[in-house]
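From first to last, the protein sequence lines stand for chains G and Y.
Heads up: take any position in the first sequence, counting from 1, add 114, and you land on my numbering.
Heads up: take any position in the second sequence, counting from 1, add 294, and you land on my numbering.
Think of the CB as a built atom: it goes at the ideal place given N, C-alpha and C, for glycine as much as any other residue.
Here's the structure we're looking at; comments come further down.
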Amino acid sequence: MSNFARPFFAAVSITAAVAAATPVYAASEADFSAAYAAAEAANKQAGALRNQWTTTGIALAAAKKAAAEGNFDAAVAASKEAEALAKASIYQANEQKDAWREMEIK
Amino acid sequence: MRSAIRFALGIIAAAALVGPVSAAETPNPPADAAAFKKFFTDKFPKVKLEDFVNGPYSMDEGLYRQWREKEQFPPYEFAVETGKEMFTKPFKNGKSYADCFPNQGIGVRQDYPYFDTKTGKVVTLELALNQCREANGEPPFSYVKDEMAALTAYMAFTSRGKPFDIKIPDDPRALEAYENGKRYFYTRRGQLNFSCATCHVQSPGERIRAEVLAPALGILNAMPIYRSEWSGMGTTSRRFTTCNSQIRAVPLNPQDDEYRDLEYYLSYVSNGLPISGPGARP
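Structure follows, in structure tokens:
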């Protein structure tokens, strides 16, 4: 092993050991509540635009189920997915207010 | 000189602003209907105008042959019989559906939906049937299948061959309802980012999984329909809501304004094409 490689591998090993020893961050119920509320608010806005997506509802249901099982990491992840989907549906509804005419038969 | 240039630029700017926008946004239903028919007859020059009401069967020779055989013992026959029984059976108050419709409800399908100038709303046949029930003290039916499908199947059957005759009265609200329906038809929605037109204007005759997509022209003339996919009958409301679900959009409630306006638009642009309902579809 070269003089350069030895300290490099040592550094990598130390970093890996530290990473393994550090507990993985677990989301809390409060994290879930905040993420879920944000997703629900975005989906409500999509509803006001008459443009909710079924997949948003599926992600919201998955978030609730994971939270009920105490898996707040999964619950937060699903909430964030739901929020992203809801925001995409809002964008679509706003963009289509004028863009629908592009497809019109004239 | 400078003021002349400014004046000319002003004219150009004004023309650019006013010209194309006003032309594009001035509703002209007769021109829409003519353009709609031209689009489909140009796209499918071998299909006769009146055959578009046969949906996917007009697009595919093999399917057309299968359909002709199926029509010997059509799967909607039971619905027509049930609908006739229901239609003629009096309500508890002694009146019947016939009392709610022009010509006692026989041969009138082609006039629905219509714009009601009293309420300022579009009235579909399904809605008119439930309004009739409620006016006579009967509970409304579900809009999507079973009894409603049977009643509309019978009423369509008595109207077969009569051309769609949808009218837009001289009322700005009627024109607005028509425009709303048109906008709904062309607006992309759902996670799949599809509009009604994506399938039924851009892709009729193409396959989506095992199904051949129907052309939008004449698509409502065959309603209600027996669908093998549903293993039963379905109304126009059922068709609209399931289309929305399939593109991952949350469906609206049957007979919400958007769906009624959509039916108004789609029926109007098919004016002149014969009623062929009830129909059968794969």
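Item, Value
"Can you pull the chain Y neighbours of Ile204 of chain G, defined as C-beta to C-beta under 7 Å?", "None at all; the shortest Cβ gap to chain Y is about 12 Å."
"Does DSSP put Asp464 of chain Y in a helix, a strand or coil?", "coil"
"Is the CB of Val315 of chain Y under 8 Å away from at least one CB in chain G?", "Below a pLDDT of 50, predicted positions are generally treated as unreliable, and Val315 of chain Y, at 40, falls in that range; the measurement from the model is reported next regardless. It does not: the Cβ of Val315 of chain Y has no partner Cβ on chain G nearer than 8 Å."
"Of the choices Y:Asn474, Y:His494, Y:Lys337, Y:Phe381, whose alpha-carbon is the least far from that of Asp551 of chain Y?", "Y:Asn474"
"Please compile the residues from chain Y whose C-beta is within a distance smaller than 8 Å of the C-beta of Glu183 of chain G.", "Simply none; closest approach about 26 Å."
"Return the residue from the list G:Val190, G:Asp212, G:Ala141, G:Glu216 that minimises the CA-CA distance to Ala152 of chain G.", "G:Val190"
"Can you give me the Cβ contacts of Leu546 of chain Y inside the same chain, cut-off strictly under 7 Å, excluding the 5 residues immediately before and after it?", "Glu552, Tyr553"
"Considering only the beta carbon of each residue, do Lys439 of chain Y and Arg532 of chain Y sit closer than 8 Å?", "yes"
"Please classify Glu183 of chain G as buried or exposed, where buried requires at least 16 other C-beta atoms within 10 Å of its C-beta.", "exposed"
"Can you tell me whether Met527 of chain Y is helix, strand or coil according to DSSP?", "strand"
"Would you kindly check if the distance between the Cβ of His494 of chain Y and the Cβ of Ile513 of chain Y is under 8 Å?", "yes"
"For the segment 503-511 of chain Y against the segment 442-453 of chain Y, are there 3 or more C-beta pairs whose distance is under 8 Å?", "no"
"My output table needs one value for Val315 of chain Y: the three-state DSSP class, helix, strand or coil.", "Residue placement at Val315 of chain Y is poorly supported in this model, since its pLDDT is 40, which falls under 50; the coordinates still yield a value, given next. Helix."
"In whole angstroms, give me the CA-to-CA distance for Phe395 of chain Y and Tyr558 of chain Y.", "19 Å"
"Mind checking who Pro457 of chain Y pairs with in its DSSP beta bridge?", "Y:Pro568"
"Please confirm whether Phe488 of chain Y has its beta-carbon closer than 8 Å to some beta-carbon of chain G.", "no"
"Given this structure, state the Cα-to-Cα distance separating Val315 of chain Y from Gly171 of chain G, to the nearest angstrom.", "Below a pLDDT of 50, predicted positions are generally treated as unreliable, and Val315 of chain Y, at 40, falls in that range; no measurement from the model is reported."
"Going by DSSP, which residues form a beta bridge with Glu505 of chain Y?", "Y:Ile502"
"Pairing CB atoms from the segment 350-360 of chain Y with CB atoms from the segment 408-426 of chain Y, are three or more of them under 8 Å?", "no"
"Given a limit of 7 Å on CB to CB distance, which residues of the segment 452-482 of chain Y reach chain G?", "Arg477, Tyr480, Thr481, Arg482"
"Are the segment 368-385 of chain Y and the segment 532-541 of chain Y touching, with three or more C-beta to C-beta distances below 8 Å?", "no"
"With distance defined between alpha-carbon atoms, name the residue in Y:Leu469, Y:Val416, Y:Ser489, Y:Pro368 nearest to Pro576 of chain Y.", "Y:Pro368"
"Can you tell me whether Leu486 of chain Y is buried or exposed, with buried defined as 16 or more other CB within 10 angstroms of its CB?", "exposed"
"For a contact defined as C-beta to C-beta under 8 Å, what are the partners of Ala429 of chain Y on chain G?", "By Cβ distance, chain G contributes nothing, its closest Cβ being about 29 Å from Ala429 of chain Y, past 8 Å."
"What is the rounded straight-line gap between the Cα of Ile219 of chain G and the Cα of Arg164 of chain G?", "24 Å"
"Note down, in chain order, every chain Y residue with its Cβ under 7 Å from the Cβ of Glu218 of chain G.", "Tyr480"
"When you compare the CB of Asn208 of chain G with every CB in chain Y, is at least one pair closer than 8 Å?", "no"
"Determine, using beta carbons only, whether Gly571 of chain Y and Met517 of chain Y come nearer to each other than 8 Å.", "yes"
"Quick check on Ala173 of chain G: buried or exposed, where buried means 16 or more other Cβ atoms within 10 Å of its Cβ?", "buried"
"Based on the DSSP secondary-structure assignment, which residues constitute the bridge partners of Asp410 of chain Y?", "Y:Lys415"
"Given Gly566 of chain Y, which residues of its chain have a CB within under 7 Å of its CB, disregarding the five upstream and five downstream residues?", "Pro457, Phe458"
"Run through DSSP, which three-state label would Arg251 of chain Y get?", "The question about residue 251 of chain Y has no answer, for chain Y in this structure spans 295 to 576."
"Counting only beta-carbon atoms, is Leu419 of chain Y nearer than 8 Å to chain G?", "no"
"Taking only runs of the alpha helix (DSSP H) that begin and end inside the segment 318-381 of chain Y, which ones reach a length of at least 4 residues, in chain order?", "323-337, 355-364"
"Measuring CB to CB, does Pro321 of chain Y end up less than 8 Å from Tyr562 of chain Y?", "no"
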